[in-house]
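Each residue of the sequence shown is one higher than the one before, starting from 68 at the first, in the numbering used here.
Note that beta-carbon positions come from the ideal geometry of N, C-alpha and C, so glycine has one too.
Report on the following structure.
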Amino acid sequence: MTEKNTFETLQNLLNDRILVIDGSMGALLFQKGLEEADYRGERFKHHNRSLKNATDVLCLTQPETIAGIHRSYLEAGADIIETNTFGANLVTLGEFGLAELTREVNKTAVELARREAEAFTKKNPGKPRFVAGSIGPTNVQLSLNADNPGTRPIQFDDQVASYSEQVRGLLDGGVDLLLPETSFDTLNMKACLFAIGNVFRERGVQVPVIVSGTIFDGGRTLTAQTVEAFFTSVQHFPMQAIGLNCSLGPKQMRPYVEALANISSVPMICYPNAGLPDGMGGFDSNPNEFTDYIRDFAEQGWMNIVGGCCGTTPEYIAKIADTVTGIKPRPIPALPQLSNYSGLERYEIRPESNFLMVGERTNVTGSRKFARLIKEEQYDEALAIAREQVEGGANMIDVNMDEGLLDSARCMEKFLWLISDDGDIPVPIMIDSSKFEVIEAGLKCIQGKGVVNSISLKEGEEKFLEQAQLIRRYGAAVVVMAFDEEGQAVLADDKVRICKRAFKLLTEQAGFPPEDIIFDPNILTVATGMEEHNNYAVEFFEAVRRIKEECPGAKTSGGVSNVSFSFRGNDVVREAMNAAFLYHAINAGLDMGIVNAGQLEVYDEIEPTLKELIEDVLLNRRPDATERLIDHAETLKASGGRKSPEQLDAWRSGTVEERLSHALLKGITTHIEEDTEEARQKFGRPLDVIQGPLMDGMSVVGELFGAGKMFLPQVVKSARVMKRAVAYLEPFMEEERQSQADGSAVEQTDATSYQTSPVGLGVKTRGTVVIATVKGDVHDIGKNIVAVVLRCNNFEVIDLGVMVPAEKILETVREHKADILGLSGLITPSLDEMVHVAKEMQRQGYDIPLLIGGATTSAKHTAVKIAPHYEQPVVHVKDASLSVPAVEKLIDPDSKAAYVEKVRADQQRDRDAFGQRQEQKLIPYAEALARRFQTDWETVDIPTPSFLGLRTIDNMDLAVLREYIDWSPFFMTWQLIGKYPRIFEDATIGEEAKKLYEDANTLLDRIIAEKLLTAKGVYGFWPASSEGDDVRVQCPVSSVQCDGSATGALDTGRSTLDFPMLRQQWERKGQKDFRSLADYIAPANSGRTDYLGAFAVTTGHGCDELVAEFEAAHDDYNSIMAKAVADRLAEAFAEYLHHRVREEWGFGKNEGLSNEDLIAEKYRGIRPAFGYPACPDHTPKATLWKLLDAEKQTGIKLTESYAMWPAASVSGLYFAHPEARYFTVDRITKDQVESYAQRTGMTVAEVERWLAPNLGYDA
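As structure tokens, then:
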């Protein structure tokens, strides 16, 4: 098919019907079970690097396998098949030592696909098939480097070179179209499109290009762009279609597909994953469910091309092809031609839009402070200036590095990289320089659609067009100065003449749409004392009016501070003049301007005399205007013109109700007692203060949290303010009660009542909720957060704490006539206890809803194991933010029935799905044993520990542990989801995450300085062997050593302790072996001596006292914070100790790993914990405690459910096997349960109780 025919045929088909693209290449290759030798083939038999998973190389070594996969998708009905070249670029193939084969791999891949496509086209010419050249994103990022901000592991030009070679190979093979896909970093995509354009020009050919991005579950790319920002960043390229693929299933992708369809001016493509990962190596959707969503997308009019990505197979594609037959494709909408720019988010200038403010302070020529910071390389402080501009209202920031002593290009590059890494500056960037090489350096650093400031006709049309065309290829808008070969335009006529000339060149020869052109008609300084300057502002206003009329669609801009430069040093006059100038310029049609966004005076608030004098100058209304303004400016300068700090603290001037509301909303405790007292004096009764302004403020907090406009840490701070206000009022409530002999004035006077009620002290609530962590479980951070959130929404909460038996829970429900009961738990035995509570509620005839929550719980377990035992509603609540809507619906008689009906329908679907899954994939235990993970025990490296026996650590330095903290789970505790430190870049939650992080570190500073927590640990090594699925440890030792000071020797009369292990039985596709932790220890008959390590650590001693201190001060926020920090320190202790253990075991001495590497577990060996996926039973902790003498050495106790107390504790085993890895046992059959019962000495019923979540059958 010729180049022209391809474009025409494809476009005609897109207009006629919805086309189908193929599914996953990887899913079918995985089913083949290819090994290293298959990847190598004969050609690479002796290659010096592993090639397993070098999928693209299979085009050379297994061509028929690849061709067969193409054929299967064509048979399923695909119109478009993708080449097997997702990673066939210089960067990715270079990791396998095969970069020089990039072009050959791509050419061969196209030829394989083309052969199959042409065969099907020949069979049915009415259904032509197309070959799309798959171009993946590479595995490096240009937009982010969290490990070393301000640097990049690879440059834009390197990516362009890598992509260019791939594109050449695809064109060599005769590809029909190019498909750069799975774009998680838009700057990578921009580099790819730049490369494609280069090769098209180089070869004088062009094929259609389809662009596909990847949005993650937070609604953004991996580099934090919204889908709208992504489209805006790449829309400069002449695409055949744009869309989304990968990361999400169709259900989760729906809102982002809709958002993209609403703004896309080209056809749409969508090919999602087969749902979300199911945790077992597969996906949670199926072809029928998948195609239901695809049908919805098509019927909504969003689709032109559909297909599947990861996990989809020919079965999916066949169903898609059948589903979309007869559904009309998406017509291309007639969209308004509006100016759009993007950073992390899209900024659109609509007719009704406000003036776009471009922050001016990140400019070395305009800010002495910024220039000094850049010269001194104090980039963090310089970055703070950019943040301040955004916080001050800037919609875009101007960055300029033009200073004689700076390497301007390098400084521009570094600063823009830091902005990208920072994440708190989501606005578009204006790259400002008089040197084009600096502009180009900047364009290579921004993933969004920025603005170049500026180019001009100063050097003639040829240079102007050369620069403009290059800017267009980088995807930026452009500012054009009113400057030509004759110089800078001063008069309106000249300004308009130059801009009209540039407009014609840009639109007719450089490919710029009018909306991407911004004219700067030169804002020049007035009030200089020179008469010829007096009309400068008037000339500017006139030029703006005429440019908007004569260059339709173009925008206008200018550097606003230039106008007031005569008054530098007099901020009062400058800010007022800038504001007045803007007022008139905006009325003339000015769209944007470079301003100090945080220091603009409000036009209507300019002092009247000053305003009149300024406007006399700006509008040139009288010849003595300059002299009169200068005189007045001197008077202002002498008297001072600044607001006092008290004036700036505006919220303190409001009514007492407004002040209380503001304090609650912002979490400010500073003035709460004095404001509460003022309110008491005003309202008369303390109860009325609570029922009135305090509850009104908390209602606002609850509404904002429910709407996602406040985050959990903010809500907890608001609750702290409320508690302190109520605590202040308590003595007055008591006094009032005593003065009323009959007690009628106050219904409740418990001094601690706010601990259980959001309002306490007699205030009517929306309902009563009893919550508790069930018997045997000590974890309560999540439960405490739920309590705070419910109280903030005016529910009375009775919090029973931790380790609460069923009898106490149900007694409290009866006593308080609770409306709802909530149960929480972290460890898996808690699940069984929840079932027990549900059974007791049914037996005793309770009729209230039951809420289930906690880290170990799930909607599926609730549906399958708990709900069937209680006829009233049983609802799983995923997190605190969902607790309020669930409780509200269950309390409200108008909404309860419909809500419960939906919950029960969802639970029935979960039960049906669970039942279907149990019927398949579980192999017999004997077979699983036979297919165990195999080790060559004769040759495998078995290191010998440097000592045998125990060592204790009595008082570990918390400052050392601090360096090992993994902060990501900390943020998850507070329901701020994101990976540290990238979470700080999130435009929605980043700011709150930073505040939370700072608060945590402030508390951590105090904990360390005042020694508020004590860290203790015990660990050791023992000779060990395996027998079947048991690990047998030789013990005991004769002594225990402290802090590594000595080594314990083994008793000669040694005995043994056994750790029975569980083995995988759930067979997944392509699975070769079924693992047990016992596989990582040498068998007793192997002739080798192996070793097992074990440990228990805690940082919880002192935590209860610290929590009590905060609770006494009515400070829920720091109470929860203390527990969260203690938990992080415990995990850090475990990480630190594992690091130390690897060194003492002899195989980790030269690791040289960073903290990030440790968190990512880039080391040999594992430390599984009982109760977690590889060994899900908690009961072996009793044996572990014997082995370690843990309670004596560390003070950690085990509850009846084998939870550790203090809660901030971690324990487990150490395995040193070089191929040891974590795995999930998952579901098991009864034959293994019976074996495990025999090996542990428990009954089958006891095992079934402890392993209830893992049973693959109904017990």
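In the DSSP annotation of this structure, the continuous segment of the beta strand (DSSP E) that includes Phe-1088 starts and ends at 1081-1094. Counting along the chain, Phe-267 sits inside no beta strand (DSSP E); it lies in the alpha helix (DSSP H) bounded by residues 253-270.
Bridge pairing for Ala-166: absent [DSSP].
Listed in chain order, the non-local C-beta contacts of Ala-577 below 8 Å within the same chain comprise Leu-532, Ala-535, Gln-536, Arg-539, local neighbours out to five positions each way being set aside. Of the candidates Gly-193, Thr-1291, Ala-258, the residue whose Cα lies closest to the Cα of Leu-77 is Gly-193.
Leu-1173: not part of any beta strand (DSSP E); member of the alpha helix (DSSP H) spanning 1170-1179, first to last residue.
Our two residues, Glu-724 and Asn-851, have alpha carbons roughly 29 Å apart in a direct line. Remark: C-beta atoms of Asn-151 and Ala-134 do not approach each other more closely than 7 Å.
Distance between Gly-626 and Gly-527, taken at the CA atoms: about 24 Å.
In this structure, Asp-742 sits away from Leu-754, with a CB-CB distance that is not shorter than 7 Å. For the 7 Å CB-CB criterion, Phe-283 and Ser-314 form a contact.
In this structure, the beta-carbon distance from Leu-405 to Glu-415 falls below 7 Å.
DSSP assignment within the segment 451-490 yields the following whole beta strand (DSSP E) runs of 3 residues or more, N-terminal first: 463-467. Take the alpha-carbon of Thr-1250 and the one of Tyr-1239: they are about 16 Å apart.
Taken through DSSP and simplified to helix, strand or coil, Ala-1163 comes out as strand. For Tyr-1324, the number of other beta carbons within 10 angstroms of its own is below 16, and it is reported as exposed.
Lys-842 is a Cβ neighbour of Glu-900, given a cutoff of 7 Å.
Between the segment 425-436 and the segment 466-481, the count of C-beta pairs closer than 8 Å reaches three or more; the two stretches touch. Non-local C-beta neighbours of Ala-143 in its own chain, meaning closer than 6 Å and more than five positions away in sequence, comprise Pro-381, Ile-384, Ala-385, ordered along the chain. In the DSSP annotation of this structure, the continuous segment of the alpha helix (DSSP H) that includes His-1206 starts and ends at 1183-1212. Residue environment analysis places Asn-82 among the exposed positions, since fewer than 16 neighbouring C-beta atoms fall within 10 angstroms of its C-beta. Taking one beta carbon from each stretch, the segment 783-801 and the segment 853-866 have 3 or more pairs nearer than 8 Å; the two touch. Taking a contact to require three or more Cβ pairs closer than 8 Å, the segment 1168-1177 and the segment 1075-1093 qualify as touching. Cβ contact annotation for Ser-521 (same chain, cutoff 7 Å, sequence separation greater than five): Val-546, Val-547, Met-548, Asp-587, in chain order. Pairing Asp-1140 with Arg-1234 gives a Cβ-Cβ distance that is not under 7 Å.
Annotation for Met-424: the continuous beta strand (DSSP E) segment containing it runs 423-426.
With fewer than 16 other Cβ atoms inside 10 Å of its own Cβ, Gln-98 counts as exposed. Annotated as distal: Leu-1129 and Val-1314, with beta-carbon spacing of 7 Å or more. Here DSSP, grouped into helix, strand and coil, assigns Met-597 to coil. In this structure, the beta-carbon distance from Gly-490 to Gly-1057 falls below 7 Å.
The segment 381-443 contains, as complete beta strand (DSSP E) runs of 3+ residues, the segments 406-409, 413-416, 423-426 (chain order). By the criterion of a C-beta distance shorter than 6 Å, Ser-1035 is surrounded in its chain by Lys-1046, Tyr-1047, once the five residues flanking it on both sides are discounted. Excluding five sequence positions before and after Val-563, the CB atoms of its chain that fall closer than 7 Å to its own CB belong to Ala-610, Arg-613, Ile-614, Glu-617, given in chain order. Under DSSP, Met-306 forms no beta bridge with any residue.
Partner residues in the beta bridge of Leu-1322, as assigned by DSSP, are Ile-1295.
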